[in-house]
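Visitor:
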Amino acid sequence: MKNYALLMVLPILIAGCTSQLPSYTLSIISPSDGQSVQGSTVNVELSTDMKLVPAGAEVKEGEGHFHVYIDGANEQRGAGTSFTFSNVAPGVHTIRTELHRSDHSSYEGAVKTVTFTTGTSVATIATKQFDVVAKQFTFEPGTIEVEQGDVVILKIKSIDVDHGFALPDFGVSQKLEPGKEAVVQFTADKKGTFTFFCNVLCGSGHDSMKGTLVVR
Numbered sequence: 041m042k043n044y045a046l047l048m049v050l051p052i053l054i055a056g057c058t059s060q061l062p063s064y065t066l067s068i069i070s071p072s073d074g075q076s077v078q079g080s081t082v083n084v085e086l087s088t089d090m091k092l093v094p095a096g097a098e099v100k101e102g103e104g105h106f107h108v109y110i111d112g113a114n115e116q117r118g119a120g121t122s123f124t125f126s127n128v129a130p131g132v133h134t135i136r137t138e139l140h141r142s143d144h145s146s147y148e149g150a151v152k153t154v155t156f157t158t159g160t161s162v163a164t165i166a167t168k169q170f171d172v173v174a175k176q177f178t179f180e181p182g183t184i185e186v187e188q189g190d191v192v193i194l195k196i197k198s199i200d201v202d203h204g205f206a207l208p209d210f211g212v213s214q215k216l217e218p219g220k221e222a223v224v225q226f227t228a229d230k231k232g233t234f235t236f237f238c239n240v241l242c243g244s245g246h247d248s249m250k251g252t253l254v255v256r
């Protein structure tokens, strides 16, 4: 009878010894793995199904807070789901986050990591496009105005004879054939007033065939 009772109790003991603590979901919403983050500020967004409580609260299983690291350092802790790391150098970085109880003991296995890159912000580059007509002995428009740093695209068409378009301050020289559109592109990387002109002999008024580029 004693042996029978022991056999009945043994499975219960084994089940109790092998039972696992509940697991909790933990996700890094942003940055995502492989993401390219512009600038030097990294905003980290997290989610979990655990009840979040501040450090120092009464320790209860199933409650806790985040520990967040960038490159294994600069640790931040808290019961919120948003964390910010500033002055992050350009390059490849890793965010690691863990779930901890309110006494800072960790929940085993509750760890997530993502790897991402950071870089300097890329300023928006403006593109300015103009249609230019070349004819004896003028360009229309005769004045083109842009901002420093603009990418300038000129679509130029001669409507009578062979002409040319030269803007030596920006390395531009283009032959213009009647009825055909030529496209030139350059970056207005310096401020000032610059002269463009016809550099193909086109008649008696050739020397007066000029225009002005204004870069502010």
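Each residue of the sequence shown is one higher than the one before, counting from 41 in this note's numbering. All residues carry an ideal CB built from backbone N, CA and C; glycine is no exception. Only a predicted model underlies this, so the values are computations on that prediction, with no experimental measurement involved.
Below 8 Å CB to CB, which residues in the same chain sit around T252 once its five sequence neighbours on both sides are set aside?
Guide: G182, T183, I184, T233, F234, T235 and F236
Visitor: Taking the beta strand (DSSP E) that N127 belongs to, which residues open and close that run?
Guide: Premise fails: N127 is in no beta strand (DSSP E) and is neither H nor E.
Visitor: Nearest-angstrom Cα distance between A228 and E138?
Guide: 50 Å
Visitor: Measure the C-alpha to C-alpha separation of T88 and P130 and round it to an integer number of angstroms.
Guide: Between T88 and P130, the C-alpha separation is close to 29 Å.
Visitor: Assign P208 to one of three DSSP states: helix, strand, or coil.
Guide: It is helical.
Visitor: May I ask you to verify whether the segment 138-150 touches the segment 104-111, counting CB pairs closer than 8 Å and requiring at least 3?
Guide: By the criterion of at least three beta-carbon pairs nearer than 8 Å, the segment 138-150 is in contact with the segment 104-111.
Visitor: Which term fits S198, buried or exposed, when burial requires 16 or more other beta carbons within 10 angstroms of its beta carbon?
Guide: Buried, because 16 or more other Cβ atoms sit within 10 Å of the Cβ of S198.
Visitor: Whole-angstrom Cβ separation of D202 and E217, contact assumed at under 8 Å?
Guide: 6 Å
Visitor: Taking the alpha-carbon positions, what's the G71 to V77 distance?
Guide: Inspection of the sequence shows that residue 71 is occupied by Pro rather than by Gly. Cα to Cα, the separation comes out at about 8 Å.
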